[in-house]
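Residue numbers (the working numbering): 40 to 346.
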DNA sequence: GCATGTCAAGTTGTG
DNA sequence: CACAACTTGACATGC
């Protein structure tokens, strides 16, 4: 089992900067680009530090912050790498990051935020989403990240029509996006059972989030969901990807959806142990939570053959 | 200095 | 019907 860290660190001295469109708008274009250049340069240097920390800690996957290059696709203040004073340096660093990740077998992924919705009935929402995905696919190609994972989006009163809209948009996506796109079951709308037919038919890898499955059950057992989603990954020659988290207030609490600082060991599905797969750990204590879970598995000799 | 509210974008469920 | 949640730091504002 390969463990993944999501975006940020608790104790490692790695951080990512951002800026807002409002703050940028008050500057002339030249100063905007200088400011953005500094932020992007810092972020790329920190991404390399992040991967070095991940490698040192024995973590095998890393989810990259979507706004690594903040506001890059914004309609007013958007920009390209070539526009930035440090653009060439940044391009160099990106190449170094790809080599480091590839050389140390660190799997990289992206997880665009909630504004990326391909099933929306509103054309402008879909258009903005495709633009954002195109940016992330370019970044994925440059960095060697093979996965851009999104949710199926809104229901709009009828899941089947929403999924049909998704299917049509999906077929028209640029290759670089379509080759990386994966779908994940969410905690309110789309379950594994909802997504399986679409994913099987279009060969879209399905990221199985067991926490969302527990919050939003669909009649499938965890073993069934693991096997059925795993079959799609296997048929495409890819290592299966799953998500794991624990509820902040426990399973008896008011709302089980907010994530806890650490993973409760009993929340790791039994059938995942010994399985060849990547598991992103979604926990507030970040790398500390990943390391703690890996230590637990190692102490109990539950890590499978790969370790 | 420090505390606080806002920030591009969508959708759902709660109050 | 308005608003928080999803998530985090940067920035502007006001004391």
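Yeah, the Cβ is synthetic: ideal placement off N, Cα and C, and Gly gets one too.
Just so you know, these numbers come straight off a predicted model, no measurement behind them.
Under the three-state reduction of DSSP output, residue 286 falls in the strand class.
Judged by beta-carbon spacing, residue 54 lies beyond the 9 Å limit of residue 44, meaning their Cβ atoms are not closer than that value. In its chain, beyond the 5 residues on either side, 215 have a beta carbon closer than 8 Å to the beta carbon of residue 177. Counting the other CB atoms within 10 Å of its CB gives residue 248 a total of 16 or more, which places it among the buried residues. Runs of the alpha helix (DSSP H) lying entirely within the segment 212-268 and spanning at least 4 residues, in chain order: 214-217, 231-241 and 249-254.
Non-local C-beta neighbours of residue 115 in its own chain, meaning closer than 7 Å and more than five positions away in sequence, comprise 60 and 64, ordered along the chain.
DSSP places residue 148 in the strand class (E or B) of the three-state scheme. Leaving aside the five residues that flank residue 285 on each side, the residues in its chain whose CB is nearer than 6 Å to its CB run, in chain order, 299, 302, 303 and 306.
According to the DSSP assignment, residue 102 belongs to the beta strand (DSSP E) that extends over 100-103. The C-alpha of residue 217 lies about 17 Å from the C-alpha of residue 236. Classified as buried, residue 83 has 16 or more neighbouring CB atoms from the shown chains inside 10 Å of its CB.
Secondary structure within the segment 175-212: the beta strand (DSSP E) runs of 3 or more consecutive residues, fully enclosed, are 186-190 (chain order).
As DSSP reads the structure, residue 43 sits in a beta bridge with 100 and 319. Counting along the chain, the unbroken alpha helix (DSSP H) around residue 64 starts and ends at 60-64. The three-state secondary structure of residue 80, taken from DSSP, is helix.
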